Amino acid sequence: SVRNQIGMQQKAIRKTSKPKITEEMQHEIREAFELFDSDRSGKIDFHELKVAMRALGFDVKKEEVQKIMAEYDRDNTGEITFEAFEEVMVDKIANRDPTEEILKAFKLFDDDNSGKISLKNLRRVAKDLGENISDDELMAMIHEFDRDGDGEIDEEDFIAILRSTSAFQ
Numbered sequence: 001s002v003r004n005q006i007g008m009q010q011k012a013i014r015k016t017s018k019p020k021i022t023e024e025m026q027h028e029i030r031e032a033f034e035l036f037d038s039d040r041s042g043k044i045d046f047h048e049l050k051v052a053m054r055a056l057g058f059d060v061k062k063e064e065v066q067k068i069m070a071e072y073d074r075d076n077t078g079e080i081t082f083e084a085f086e087e088v089m090v091d092k093i094a095n096r097d098p099t100e101e102i103l104k105a106f107k108l109f110d111d112d113n114s115g116k117i118s119l120k121n122l123r124r125v126a127k128d129l130g131e132n133i134s135d136d137e138l139m140a141m142i143h144e145f146d147r148d149g150d151g152e153i154d155e156e157d158f159i160a161i162l163r164s165t166s167a168f169q
């Protein structure tokens, strides 16, 4: 059928232009799948897919999960295979919006929702990470990146910091 031909062409294109992700991410994808494939069938259903995607950091809506199921559950079993899950997740990870990721990280620092990272916020994060950093060192970090000179790091400062590193370009 035409639908199968198109599906095969799309699959061939995906295989040749497969985005690259780290081995660690591949491991996390496998772990998330196995965690929610509770009956060890090698397949997950709609709800398991939704939870597995959330576990990997994607806040997916019902409609998006339905679309994935419609595309990858070709034999209408109500489930998708690990290979299909991996394909979806590799694509999603490779196409993540770095700014969105940066803003999520910002919110981890800005636990008081002030819109800024203060000395207090930085001190808490350092403590949570088991780092023993003096207030002077923490303030030096803030001053290094505080572009408007208010003694705190706002979202724009934070985005500029992370965009200057190789991880978010």
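Everything in the sequence shown is counted per the UniProt record's numbering, starting at 1 for the first residue and increasing by one. For every residue, glycine included, the Cβ atom is placed at its ideal position computed from N, Cα and C. Since the model is a prediction, treat every value here as computed from it, not as a measurement.
CA-to-CA distance, residue j to residue i, given in whole angstroms
{"i": "G57", "j": "D111", "result": "19 Å"}
{"i": "T22", "j": "R30", "result": "13 Å"}
{"i": "D45", "j": "G115", "result": "39 Å"}
{"i": "V65", "j": "E28", "result": "19 Å"}
{"i": "H47", "j": "R96", "result": "22 Å"}
{"i": "E155", "j": "F36", "result": "35 Å"}
{"i": "D150", "j": "L138", "result": "15 Å"}
{"i": "S164", "j": "R40", "result": "43 Å"}
{"i": "D148", "j": "E86", "result": "43 Å"}
{"i": "T16", "j": "H143", "result": "In this prediction, T16 has a pLDDT of 46, which is less than 50 and means its spatial position is unreliable; nothing more can be read from the coordinates."}
{"i": "V60", "j": "R54", "result": "7 Å"}
{"i": "K104", "j": "G78", "result": "32 Å"}
{"i": "F158", "j": "D75", "result": "47 Å"}
{"i": "S38", "j": "E71", "result": "23 Å"}
{"i": "D128", "j": "L119", "result": "14 Å"}
{"i": "A160", "j": "K62", "result": "34 Å"}
Cross-strand partners of residue i (DSSP beta bridge)
{"i": "D45", "result": "E79"}
{"i": "D154", "result": "K116"}
Rounded Cβ spacing between residue i and residue j (contact assumed at less than 8 Å)
{"i": "R123", "j": "D135", "result": "7 Å"}
{"i": "N121", "j": "F109", "result": "5 Å"}
{"i": "G42", "j": "F82", "result": "6 Å"}
Residue j beta carbon less than 8 Å from that of residue i
{"i": "I102", "j": "L49", "result": "no"}
{"i": "T145", "j": "I153", "result": "Going by the sequence as given, residue 145 is Phe instead of Thr. Contact: yes."}
{"i": "I80", "j": "D91", "result": "no"}
{"i": "V88", "j": "I68", "result": "yes"}
{"i": "A84", "j": "A52", "result": "no"}
{"i": "M25", "j": "I93", "result": "yes"}
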